[in-house]
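Q: Okay, here's the structure, questions in a sec.
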Amino acid sequence: MSISARRLRPAAAALALAFVLLAAAGSPGGAGTADAQQGPVRLHLLWTNDVHGHIAPEPARFMNPSFPPPLGGGASLANYLAGVREEAAAAGEDVLVVDVGDFFQGTPVGSKTRGDAVMAYFEQLRYDVIVPGNHDFDMGRDNTERLANGTRIPFVCANLRDAADGEIVDWCVPTLMLERAGLKIGVIGIITTGTEHMSFPANIEGLIFDPMVPVIETWRDRLRADGADLIFLLIHEGLPFDPLEGWRRIVGGGEAETGQSESQGGAYGTVTGGALNLMEIVNAVEGIDVAVGGHTHRGYEQPWIDPMTHTMCFESFGNGSSVGHAILKVDPVTRTLLGYESPHDRGVLITLFEDELWPDPAMRRVLQPYLAKTDAEMGKVVGSAAVNLTRGDPGASLMGNLVTDAMREYFDADFSFQNLGGLRADVPAGNITARDVFSVLPFGNELVVVQMPGSLIRTLVERKVAGDSGGICVSGLRMRYNKQRPDGDRVCELEIAGAPLDPERMYRVVTTTFLMEGNSGLDFLTTVPAQDIELTQITIDAAFEQYLERHNPVRPRVDDRWVEDPAGVQASYLARPPAAD
5 MSISARRLRP
15 AAAALALAFV
25 LLAAAGSPGG
35 AGTADAQQGP
45 VRLHLLWTND
55 VHGHIAPEPA
65 RFMNPSFPPP
75 LGGGASLANY
85 LAGVREEAAA
95 AGEDVLVVDV
105 GDFFQGTPVG
115 SKTRGDAVMA
125 YFEQLRYDVI
135 VPGNHDFDMG
145 RDNTERLANG
155 TRIPFVCANL
165 RDAADGEIVD
175 WCVPTLMLER
185 AGLKIGVIGI
195 ITTGTEHMSF
205 PANIEGLIFD
215 PMVPVIETWR
225 DRLRADGADL
235 IFLLIHEGLP
245 FDPLEGWRRI
255 VGGGEAETGQ
265 SESQGGAYGT
275 VTGGALNLME
285 IVNAVEGIDV
295 AVGGHTHRGY
305 EQPWIDPMTH
315 TMCFESFGNG
325 SSVGHAILKV
335 DPVTRTLLGY
345 ESPHDRGVLI
355 TLFEDELWPD
365 PAMRRVLQPY
375 LAKTDAEMGK
385 VVGSAAVNLT
395 RGDPGASLMG
405 NLVTDAMREY
415 FDADFSFQNL
425 GGLRADVPAG
435 NITARDVFSV
445 LPFGNELVVV
455 QMPGSLIRTL
465 VERKVAGDSG
475 GICVSGLRMR
485 YNKQRPDGDR
495 VCELEIAGAP
505 LDPERMYRVV
515 TTTFLMEGNS
525 GLDFLTTVPA
535 QDIELTQITI
545 DAAFEQYLER
555 HNPVRPRVDD
565 RWVEDPAGVQ
575 ASYLARPPAA
585 D
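Offset between the sequence shown (1-based) and the numbering used here: plus 4.
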């Protein structure tokens, strides 16, 4: 089954037809309720993850910053899904459409409508299941509950409980039993336990995020006892960026522990905010037939199939750029999963290119009122850039340098810092609009001014160069480090305002409330006394926008503020005192 050729432009239609013929030549046919003589039962599974409000047409700058191909957004997905449903119905096959979280926060139309635009999009596409993600609480639990209660689409999450009564929150169900293609499919929804380490405490107040593995095992057994033929795990937790490296770490470290490591970070937990990743979970839990993940935005063209448990794991790329589509094949007699087919020869992911999937007019009409509310405001030009503003890593992040410079200048501080993960987009050279600012800094985090001793700044920097940490974006600081040195003592040079760091001096530091709450691995910041923290009521995007206006055009450059030096020798003023006998 593939893209409906008549819904495509002519060139794309011919290409799609070729893919159909290729797929059909090497795969068994048969209707969705076929018997053993006719071949396996075929079920179309389609999924999205980490949409982050990207439902409007937009350029795919992640593919080509200079000449980005256009993506059709939700209207192109509507075209594709309509074609799949039409062809599946003609063949007597069934379709299941799911989303596994982080669906609205991240674009103006998603955030400024508080998720309503994305829910209208899901309704129009007739999704079957939604699993909440960590960013779906960015506007507070009340807003998430409002969205869940306002839709016919079930929100499914088995490890999210209300602290008031200890029960699953009343706007979610823990599981579903769906009937598709003559099969009983037990669906378990799970949110990453990393949510409690990645969200403002006020946004998730009164919520309990139970360890994932034991919850999955409990509900797997209940669903099997209720007669489920297949178990599907829909989880806002992702696969590692490098599957081979992820597997090596599992093999080297043994199987994931069932609970303890979820709060401390598993073998590959740095990818997923201190929680077990999906590869670890399916290796630890037997009896899951299919898992659909998200959170890491790491698309897999072919599923990861665990060598031990044989669970088939899927994940798509994020930001509304693609949809996943796998045709699952099930033995009609034993009702066991036999395998899958891809809709085309590249794999199971469909990039929503506008020139291949002509946008559906009905979906355009649904989205137009929401987009109109944000277009005028977001089109305002606030500055310009003489160079492409890319994120990169902390040592070469033009965007990171620019944002932290803006933070430091706004409050005339000695030092500022921001987590690289909080910068969500690159911006090409040229005019910068309010929409661009929002795409980079969509969370509206408030800036705080902190009186911080030099010793704590040293701790912060050491934490961010320890192990495999990805670092942090800084301004006002010059630092060199050597990763050949032991964790906690890797910094070789550390200056603020051109002078060596004084561990006893109190420095004026700017950061976000998000980081001062202990997120991004900076839990020790919660020990800073309240009297040393000034809430400014200035958001990071407001400070950034003012900086762009003052320094138009901006010309950030890579400098020596964050440098790895494999041959670095530690300066004497940073030497740790010898350990006591």
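Even for Gly, the Cβ is constructed at its ideal location relative to N, Cα and C. Here the structure is a predicted model, which means the values were calculated and not measured.
Could you check whether Val133 and Gly57 sit closer than 8 Å to each other, using their CB atoms as the reference points?
A: No, they are not a contact pair.
Q: Is it right to say His139 is buried, meaning 16 or more other beta carbons lie within 10 angstroms of its own, or is it exposed?
A: Buried is the call here.
Q: Given that a residue counts as buried once 16 or more other Cβ atoms are within 10 Å of its Cβ, and exposed if not, what is Val337?
A: Answer is exposed; the Cβ neighbour count stays below 16.
Q: From Leu227 to Ile239, what does the alpha carbon distance come to, in whole angstroms?
A: If I take the Cα positions, the gap works out to 17 Å.
Q: Are Asn281 and Gly322 closer than 8 Å when you measure CB to CB?
A: No, they are not a contact pair.
Q: Measuring alpha carbon to alpha carbon, tell me which residue in Pro74, Gly78 and Leu49 is nearest Val55.
A: The shortest C-alpha separation from Val55 is found at Gly78.
Q: According to DSSP, is Asp225 helix, strand or coil?
A: Helix.
Q: Can we say the stretch 378–389 touches the stretch 479–498, given the rule of at least three CB pairs closer than 8 Å?
A: No: fewer than three Cβ pairs fall under 8 Å.
Q: Taking only the alpha-carbon atoms, compute the straight-line gap between Gly492 and Asn153 and give it to the nearest angstrom.
A: Taking the straight line joining both Cα atoms gives about 48 Å.
Q: I'd like to confirm the pairing. Which residues does DSSP put opposite Val478 in its beta bridges?
A: Answer by DSSP bridge pairing, in chain order: Phe421.
Q: In the structure shown, what three-state DSSP assignment does Gly4 receive?
A: Nothing about residue 4 can be reported from this structure: the residues present for the chain run from 5 to 585 only.
Q: Closer than 6 Å by C-beta to Tyr414: which residues in its own chain qualify, once you throw out the five before and the five after it? Chain order, please.
A: Taken in chain order, the residues that qualify are Ala547.
Q: Could you check the C-alpha separation between Gly502 and Ala167 for me, to the nearest Å?
A: Distance between the alpha carbons of Gly502 and Ala167 is about 50 Å.
Q: Which residues does DSSP list as the beta-bridge partners of Val532?
A: Bridge partners of Val532: none, in fact.
Q: Would you mind stating whether Met283 and Leu243 have Cβ atoms separated by less than 8 Å?
A: Result yes, Cβ atoms of Met283 and Leu243 sit closer than 8 Å.
Q: May I have a chain-ordered list of the alpha helix (DSSP H) segments no shorter than 4 residues that lie completely inside the stretch 508–585?
A: The qualifying runs are 517–520 and 544–554.
Q: Thinking just about the alpha-carbon of each residue, which of Glu521, Gly572, Arg462 and Asp416 is nearest to the one in Tyr551?
A: Residue Asp416 is the option with its Cα nearest to Tyr551.
Q: I need the straight-line Cα distance from Arg156 to Ile195, nearest angstrom please.
A: So the two alpha carbons sit approximately 20 Å from each other.
Q: Go to His48, then tell me how far its beta strand (DSSP E) extends in each direction, as first and last residue.
A: Here the beta strand (DSSP E) through His48 covers Val45 to Thr52.
Q: Just to confirm before moving on: does the CB-CB distance between Val514 and Leu406 stay below 8 Å?
A: No. Outside cutoff.
Q: Residues in the same chain with beta-carbon distance under 7 Å from Ser31, minus the five sequence neighbours each way, listed in chain order, please.
A: Reliability fails at Ser31, whose pLDDT of 38 lies under 50, so the model's placement of it is uncertain and the value that follows must be treated cautiously. Excluding sequence neighbours, Ser31 sits near Glu345.
Q: Please name the residue in Arg145, Ala366, Asp440 and Leu332 whose C-alpha comes closest to that of Cys317.
A: The shortest Cα separation from Cys317 among Arg145, Ala366, Asp440 and Leu332 belongs to Leu332.
Q: Counting only the same chain and skipping the five closest in sequence on each side, list residues whose C-beta sits under 8 Å from that of Met586.
A: With the chain covering only 5 through 585, there is no way to say anything about residue 586.
Q: Report the three-state DSSP secondary structure of Leu356 (helix, strand or coil).
A: In this structure, Leu356 counts as coil in the three-state DSSP scheme.
Q: Suppose you measure from the CA of Phe126 to the CA of Asn163; what does that come to, to the nearest Å?
A: Approximately 23 Å between the Cα atoms of the pair.
Q: Can you name, in chain order, every residue of its own chain whose Cβ lies under 6 Å from the Cβ of Val173, other than the five neighbours on each side?
A: Contacts found: Leu164 and Asp166.
Q: Can you tell me where the alpha helix (DSSP H) holding Tyr125 begins and where it ends?
A: Looking at the DSSP string, the run of the alpha helix (DSSP H) that includes Tyr125 is Asp120 to Leu129.
Q: Buried or exposed for Gly231, going by 16 or more other Cβ atoms inside 10 Å?
A: Classification of Gly231: exposed, given that the 10 Å Cβ count is below 16.
Q: Is it right to say Thr148 is buried, meaning 16 or more other beta carbons lie within 10 angstroms of its own, or is it exposed?
A: Thr148 should be labelled buried.
Q: Hey, how far is the Cα of Glu241 from the Cα of Ala429?
A: Approximately 21 Å, taken between the alpha carbons.
Q: Buried or exposed, going by whether 16 or more other CB atoms sit within 10 Å of the CB of Asp233?
A: Buried, because 16 or more other Cβ atoms sit within 10 Å of the Cβ of Asp233.
Q: Pick helix, strand or coil for Tyr304, following the three-state DSSP scheme.
A: Coil, per DSSP.
Q: At the level of alpha carbons, what is the spacing between Arg395 and Val562?
A: When rounded, the distance between both Cα atoms is 11 Å.
Q: May I ask you to report which of helix, strand or coil DSSP gives Glu97?
A: Note: Glu97 maps to coil in three-state DSSP.
Q: Smallest Cα separation from Glu508: which of Tyr577, Leu539 and Glu171?
A: Nearest of Tyr577, Leu539 and Glu171 to Glu508, Cα basis: Tyr577.
Q: Using a Cβ-Cβ cutoff of less than 8 Å, which residues in the same chain neighbour Ala124 once the five nearest sequence positions on both sides are dropped?
A: Correct list, in chain order: Val370, Leu371 and Tyr374.
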